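Colleague:
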RNA sequence: CGGGGCGUGGCUCAGCUUGGUAGAGCACCGCGUUCGGGACGCGGGGGUCGGAGGUUCGAAUCCUCUCGCCCCGACCA
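This is the structure we're talking about:
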């Protein structure tokens with residue numbers, strides 16, 4: 030490909046609204062252009078990268094036994110009503126009507142459609158298992174799209190669905206996909222971790238997320254420094270105390286103290302000169318099972334996912350001022366477990382606390398010298414968000430919190446969709462049973478963006494070879510010099526003939542401009558052809574990821590490029 | 001949905017407070033000099049100042065409405 034003929038508008042500056050590095054570089058490198066919030070044009074260079082990711086995903090999915098299909102983007106409401114998600118999914122589901130007033134939505138994911146496709150056709154245990162996937166545009170009306178392709182509203186996703194006669198088979202496929210995903214992200218040249226994760230609205234019992242480690246990641250993950258435990262902090266656990274704590278013998282009686290206007294743990298802590306770790310924080314939650322109180326240590330944070338799972342709740346939200354007053358007979362900020370007339374759940378870390386501070390359920394008042402075991406009753410559970418430095422739940426190692434970008438997610442769906450939508454098969458006994466399902470997604474654009482987050486420097490992108498839009502770039506330093514052009518063209522042809530996808534910067538630009546652009550778009554191997562070295566019969570070869578350049582004989586350049594570009 | 005901010009040429013932004021009929025840098029076109037890390041000089045093209053209405057002799061500038069975008073939070077997962 031010739032640079033001069035390519036739609037490749039590089040930019041010296043990035044638009045003001047591009048915040049993260051991958052977004053800025055994608056725009057500056059002429060890969061993407063914004064059309065609307067969270068909606069982008071993919072320019073030729075961007076599309077090439079997307080296609081590289083797709084190619085890797087496709088080959089590994091096929092290798093793992095998947096079959097590619099293509100489902101529609103516009104989906105009829107009826108299917109979503111069948112699964113119940115028409116109501117459940119909320120505003121992220123972009124709904125629309127056709128000219129007859131029939132309801133449709135843009136597909137944010139395709140469980141319903143594939144279940145519909147398969148029911149009635151997979152009728153026998155002999156038809157199972159199957160793994161069907163597609164690489165397709167999805168639409169989610171994200172509340173706050175940002176970071177370019179990282180969190181767009183319209184985005185390309187590979188979604189696979191598997192169908193099984195029983196849990197064992199589904200379990201096996203889950204492992205199979207886990208391995209396939211690991212190979213995919215390995216081949217993409219990404220540094221990643223598979224972590225235990227929450228399942229969200231997709232449903233299912235457990236799942237793994239594939240996280241690319243990057244500072245700018247939107248998710249926090251906890252990883253053990255000595256075993257292979259890794260989990261999203263939405264789910265991550267820590268080692269819990271095993272039994273009841275003893276009540277210290279020298280314990281003082283509970284005493285009420287005035288704390289006028291001091292509501293937050295921080296304020297009261299400063300006022301009473303007691304560290305937040307000595308506080309018991311009481312959070313009043315409104316849930317589908319009524320009002321409950323959740324207790325965590327003052328310096329800890331409640332994990333709502335854990336609360337919901339522990340109490341088997343459909344929803345839970347922090348109660349508003351009104352509900353807090355009803356439950357505690359006090360303004361918010363003074364809630365405490367003593368004398369509280371709602372069900373109380375407390376994190377394990379609260380159990381051993383004594384000499385603690387809590388709210389007194391009375392305006393401007395707190396209790397001191399509170400002892401958990403002595404002064405109130407609570408059900409103890411794992412309810413808090415883990416912190417950096419916590420103990421690993423599996424071994425005695427230490428948990429470290431890192432940031433990650435979720436590029437893949439695999440779920441065991443079970444029979445959630447097949448039951449609701451009547452996707453059944455006949456087993457060996459001729460008995461009708463719901464098909465057991467799994468689903469497996471990869472964000473294609475996000476994977477490309479994550480790669481940039483992980484591979485760049487001040488000058489621009491540094492593509493790992495498998496994702497690079499071109500294998501190499503040939504830069505004739507001065508196109509007004511005949512010898513230079515001749516040598517560059519010859520090399521370009523030789524490389525093309527050798528099957529090496531090559532970009533030739535044939536623009537009549539100054540050397541500096543071309544080198545800057547070459548660094549920006551980040552092709553792994555660059556060959557500079559210039560008068561100076563040509564005199565000695567040499568060209569200069571440089572790898573984007575290394576600073577050094579080396580001079581190679583013109584006659585050996587193609588072979589050297591092939592050697593460098595071929596290896597990953 | 002709440003709070004804050006921004007819409008001026010392809011990009012980055014100034015001008016707005018205190019109305020007087022639109023600017024700079026980069027990019028683009030022409031000529032010349034230059035030519036291995038974002039050159040320089042001269043000349044040039046390009047903007048309904050997001051849109052609509054209003055105030056005014058006169059609006060990018062003041063007022064009202066509206067659309068779009070961004071940030072923080074809530075929400076969602």
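In the numbering used here, the protein residues as written are 30 to 597.
For each residue, glycine too, the CB sits at the ideal point set by N, CA and C.
It should be emphasised that the depicted structure is a prediction, and the values quoted were computed from it without experimental measurement.
Does DSSP put residue 409 in a helix, a strand or coil?
Modeller: strand
Colleague: With respect to the beta strand (DSSP E) encompassing residue 455, which residues constitute its N-terminal and C-terminal limits?
Modeller: 453–455
Colleague: Under a three-way DSSP split, which group does residue 441 fall into?
Modeller: strand
Colleague: Can you look up residue 249 in the DSSP assignment and give me helix, strand or coil?
Modeller: strand
Colleague: Are there three or more Cβ pairs, one per stretch, closer than 8 Å when the segment 429–449 is compared with the segment 321–338?
Modeller: no
Colleague: Which two residues bound the contiguous alpha helix (DSSP H) that contains residue 188?
Modeller: Here residue 188 belongs to no alpha helix (DSSP H); instead the beta strand (DSSP E) covers 183–193.
Colleague: Which class does residue 38 belong to by DSSP, given the choice of helix, strand or coil?
Modeller: coil
Colleague: So what's residue 574 in DSSP terms, helix, strand or just coil?
Modeller: coil
Colleague: List the whole-angstrom C-beta distance separating residue 393 from residue 288, where the pair is believed to meet the contact cut-off of C-beta under 8 Å.
Modeller: 6 Å
Colleague: Anyone know if the C-beta pair for residue 60 and residue 40 falls short of 8 Å?
Modeller: No.
Colleague: So, with DSSP's three-state summary, where would you put residue 99?
Modeller: coil
Colleague: Between 444, 318, 262 and 479, which lies nearest to residue 413 when the distance is taken from Cα to Cα?
Modeller: 262
Colleague: Starting from residue 86, trace the alpha helix (DSSP H) in both directions and tell me its first and last residue.
Modeller: 73–92
Colleague: Looking at the secondary structure, which residues open and close the alpha helix (DSSP H) in which residue 639 lies?
Modeller: Any question about residue 639 goes unanswered here, given that the chain covers just 30 to 597.
Colleague: Starting from residue 376, follow the beta strand (DSSP E) in both directions and report where the run begins and ends.
Modeller: For residue 376, the enclosing beta strand (DSSP E) has its first and last residue at 372–376.
Colleague: Only counting the same chain, and skipping five residues up and downstream in sequence, which positions put a Cβ closer than 8 Å to that of residue 67?
Modeller: Taken in chain order, the residues that qualify are 171, 174, 175, 180, 181, 182 and 183.
Colleague: In or out: residue 96 buried (at least 16 other Cβ within 10 Å) or exposed?
Modeller: exposed
Colleague: Can you pull the DSSP bridge partners for residue 320?
Modeller: 315
Colleague: Using 8 Å as the threshold, is the C-beta distance between residue 424 and residue 220 below it?
Modeller: no
Colleague: In whole angstroms, give me the CA-to-CA distance for residue 37 and residue 548.
Modeller: Rounded to the nearest whole angstrom, the C-alpha separation of residue 37 and residue 548 is 14 Å.
Colleague: On the DSSP bridge assignment, give the partners of residue 469 in chain order.
Modeller: 189 and 439
Colleague: Please look up how many angstroms separate the CB atoms of residue 514 and residue 533, rounded, as I've assumed it's under 8 Å.
Modeller: That belief does not hold up - the Cβ atoms of residue 514 and residue 533 are roughly 10 Å apart, past 8 Å.
Colleague: Take every Cβ of the segment 364–380, pair it with every Cβ of the segment 443–454, and state whether three or more of those distances are shorter than 8 Å.
Modeller: Flag = no, the segment 364–380 and the segment 443–454 do not touch.
Colleague: Since residue 202 and residue 158 are thought to touch, with beta carbons under 8 Å apart, how far apart are those beta carbons, to the nearest angstrom?
Modeller: About 6 Å; that satisfies the 8 Å criterion.
Colleague: Sorted by chain position, which residues of the same chain lie with C-beta nearer than 6 Å to residue 98's C-beta, five sequence neighbours on each side aside?
Modeller: 161 and 163
Colleague: Taking buried to mean at least 16 other C-beta atoms within 10 Å of its own C-beta, is residue 205 buried or exposed?
Modeller: buried
Colleague: So what's residue 289 in DSSP terms, helix, strand or just coil?
Modeller: Correct three-state label for residue 289: coil.
Colleague: If you reduce the DSSP assignment to three classes, tell me which class residue 357 lands in.
Modeller: helix
Colleague: Can you tell me which residues form a DSSP beta bridge with residue 226?
Modeller: 236
Colleague: Take residue 303 and list the residues in its own chain whose beta-carbon comes closer than 7 Å to its own, dropping the five residues that flank it on each side.
Modeller: 386
Colleague: Determine the direct distance from the alpha carbon of residue 446 to that of residue 348, and round the result to whole angstroms.
Modeller: 32 Å
Colleague: Can you give the Cα-Cα distance for residue 54 and residue 458, rounded to whole angstroms?
Modeller: 59 Å
Colleague: What first and last residue would you give for the alpha helix (DSSP H) that runs through residue 25?
Modeller: Look at the range of the chain in this structure, 30 to 597, and you will see that residue 25 is not part of it.
Colleague: Quick check: what's the CA-CA separation for residue 357 versus residue 484?
Modeller: 53 Å
Colleague: Cα separation between residue 32 and residue 531?
Modeller: 10 Å
Colleague: Around the C-beta of residue 241, are 16 or more other C-beta atoms found within 10 angstroms, so that it is buried, or is it exposed?
Modeller: buried
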